[in-house]
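Scroll down for the structure; my scribbles are underneath it.
Numbering (the working numbering), first residue to last: 2 to 255.
So this is what it looks like as structure tokens:
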């Protein structure tokens with residue numbers, strides 16, 4: 002197989018994960034900025050409300066739409082008569098930072114070395130994520146945890162209102178990169194969203210099933226993995242695949 006000109010990555014469960022997730026901790030942090038709470042709601046009450054509301058929106062997400070975290074924050078606080086002394090954009094960052102602290106634990110093994118290898122070998126990189134957080138918040142988090150990355154763009158589904166596997170998200174990335182699908186690979190951990198979506202858009206796919214200390218167990222996928230060009234459990238394997246692609250190319254030209 003030919004070495005790609007660009008490799009795109011999913012975010013959660015692929016590049017990084019969030020091992021210390023605690024929404025109540027995030028809610029308590031936002032409550033430090035509450036200036037009006039006429040009905041005396043507690044962080045526990047609003048945390049429970051958000052969890053229930055998020056679940057109620059599952060059918061919307063299953064249809065391919067992406068409600069945003071800022072919409073949820075606005076509805077949550079204004080519905081309950083609560084006012085903050087910060088903007089909802091700032092509240093989003095406070096909530097995410099405290100719900101899922103940014104630490105070295107968030108990194109999958111060998112991801113930094115792999116990204117460095119890609120950059121050193123002229124392979125461009127970018128991100129497409131199904132996520133309710135804004136693209137600005139996602140970019141901030143990725144740049145904090147992977148400060149030496151060279152991602153040309155970080156696309157959040159929330160900024161476009163639709164989710165993978167919708168091929169239009171992949172087409173946006175291709176347009177941004179000015180590349181054809183046959184020159185781009187996509188790495189993701191969710192088979193129906195990442196692999197099937199990228200395949201439908203004409204990209205070569207890499208199904209990532211790696212784990213790390215504190216990461217959630219991978220859910221079994223009852224499907225035919227042959228739709229993915231490669232299935233890997235460690236980012237070192239991607240480097241090996243690329244080296245093999247380069248060797249095959251060199252062998253054909255000698």
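Heads up, the beta-carbon is just placed ideally off N, CA and C, and yes, glycines get one too.
task: Could you check the C-alpha separation between residue 101 and residue 122 for me, to the nearest Å?
output: By 1-based counting over the chain shown, the position of residue 101 is 100. By 1-based counting over the chain shown, the position of residue 122 is 121. If I take the Cα positions, the gap works out to 33 Å.
- prompt: Taking contact to mean at least 3 C-beta pairs separated by less than 8 Å, is the stretch 85 to 92 in contact with the stretch 204 to 216?
  reply: Contact between the stretch 85 to 92 and the stretch 204 to 216 is absent, because fewer than three Cβ pairs lie under 8 Å.
- prompt: residue 163 by DSSP, collapsed to three states: which one?
  reply: Working through the chain shown from its first residue, we reach residue 163 at position 162. Residue 163 falls in the strand class under three-state DSSP.
- prompt: Count the other CB atoms within 10 Å of the CB of residue 1; is the residue buried (16 or more) or exposed (fewer)?
  reply: The shown model of the chain, from 2 to 255, leaves out residue 1, and the question about it has no answer.
task: Would you identify the three-state DSSP class for residue 204, choosing helix, strand or coil?
output: For the purposes of this step, residue 204 is taken as residue 203 along the chain shown, with counting starting at 1. When DSSP states are grouped into helix, strand and coil, residue 204 belongs to the coil group.
- prompt: Short check: CB of residue 107 to CB of residue 44, under 8 Å?
  reply: Position 106 of the chain shown holds residue 107. Position 43 of the chain shown holds residue 44. In this structure, residue 44 does not lie closer than 8 Å to residue 107 by Cβ.
query: Among 85, 163, 229, which has the Cα closest to the Cα of residue 129?
result: If you number the chain shown from 1, residue 129 lands on position 128. For residue 129, the nearest C-alpha among the options comes from 163.
message: One question on the structure: do residue 153 and residue 136 come within less than 8 Å of each other, judged by their Cβ atoms?
response: For the purposes of this step, residue 153 is identified with residue 152 of the chain shown, where counting begins at 1. For the purposes of this step, residue 136 is identified with residue 135 of the chain shown, where counting begins at 1. Not in contact: residue 153 and residue 136 (Cβ atoms no closer than 8 Å).
field: Between the CA atoms of residue 12 and residue 146 - distance to the nearest angstrom
entry: As a working note, residue 146 is residue 145 in the chain shown. As a working note, residue 12 is residue 11 in the chain shown. Taking the straight line joining both Cα atoms gives about 12 Å.
task: Please report how far the alpha carbon of residue 61 lies from the alpha carbon of residue 193, in whole angstroms.
output: Here residue 61 is taken as the residue at index 60 of the chain shown, counted from 1. Here residue 193 is taken as the residue at index 192 of the chain shown, counted from 1. If you draw a straight line from the Cα of residue 61 to the Cα of residue 193, it is about 17 Å long.
Beta-carbon spacing of residue 174, residue 16 below 8 Å: Here residue 174 corresponds to residue number 173 of the chain shown, with the count starting at 1. Here residue 16 corresponds to residue number 15 of the chain shown, with the count starting at 1. Result no, Cβ atoms of residue 174 and residue 16 do not sit closer than 8 Å.
field: Limits of the alpha helix (DSSP H) - the one that residue 171 falls within
entry: Looking up residue 171 in the chain shown gives position 170. Here the alpha helix (DSSP H) through residue 171 covers 168 to 178.
task: Consult DSSP for residue 37 and reduce its assignment to one of helix, strand or coil.
output: In the chain shown, residue 37 corresponds to position 36, counting from 1. When secondary structure is reduced to three states using DSSP, residue 37 falls in the strand class.
message: Just to confirm, is the Cβ distance from residue 237 to residue 131 under 8 Å?
response: Locating residue 237 in the chain shown gives position 236, where the first residue counts as 1. Locating residue 131 in the chain shown gives position 130, where the first residue counts as 1. Going by C-beta atoms, residue 237 is not nearer than 8 Å to residue 131.
- request: Could you pull the start and end residues of the beta strand (DSSP E) that residue 50 belongs to?
  value: Looking up residue 50 in the chain shown gives position 49. It is not in any beta strand (DSSP E) - residue 50 instead sits in the alpha helix (DSSP H) that spans 44 to 57.
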